[in-house]
Amino acid sequence: MLSKNKMVIELDERYFNQEELSNAVVQHLISKGNSCEKIDHYTIILNNKKYTLTEKTINIGVPLQRVILKETK
Numbered sequence: 001m002l003s004k005n006k007m008v009i010e011l012d013e014r015y016f017n018q019e020e021l022s023n024a025v026v027q028h029l030i031s032k033g034n035s036c037e038k039i040d041h042y043t044i045i046l047n048n049k050k051y052t053l054t055e056k057t058i059n060i061g062v063p064l065q066r067v068i069l070k071e072t073k
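Numbering-wise, this note's numbering puts 3 at position 3 of the sequence shown, and it's gapless, one number per residue.
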């Protein structure tokens, strides 16, 4: 899902470590053809724009982990 300044990603695997989660997000975005690099565990550069990475787990029978990327200045 994509809005003006926010993107939501659902990965196939669940991650319990923030470093592994941010690495997986970067690899996912690169595999989709984006230019992406990790600044730290909570910040990435995606197509020359800076984003803050947060995680949300939703329990709907089976836990679903969502990654929210919000554009920052």
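Glycine is no exception: its CB is placed at the ideal position from the N, C-alpha and C atoms. These numbers were taken from a predicted model, which means no experiment stands behind them.
Asked, Found
"Closer than 8 Å by C-beta to R66: which residues in its own chain qualify, once you throw out the five before and the five after it? Chain order, please.", "V8, I9, E10, E55, K56, T57, I58"
"Work out the CA separation of K70 and N47 for me, nearest whole Å.", "13 Å"
"Could you give the residue range of the alpha helix (DSSP H) that holds E19?", "18-31"
"In whole angstroms, give me the CA-to-CA distance for R14 and L64.", "8 Å"
"Could you check if V25 is buried or exposed, using at least 16 other CB atoms within 10 Å of its CB as the buried criterion?", "buried"
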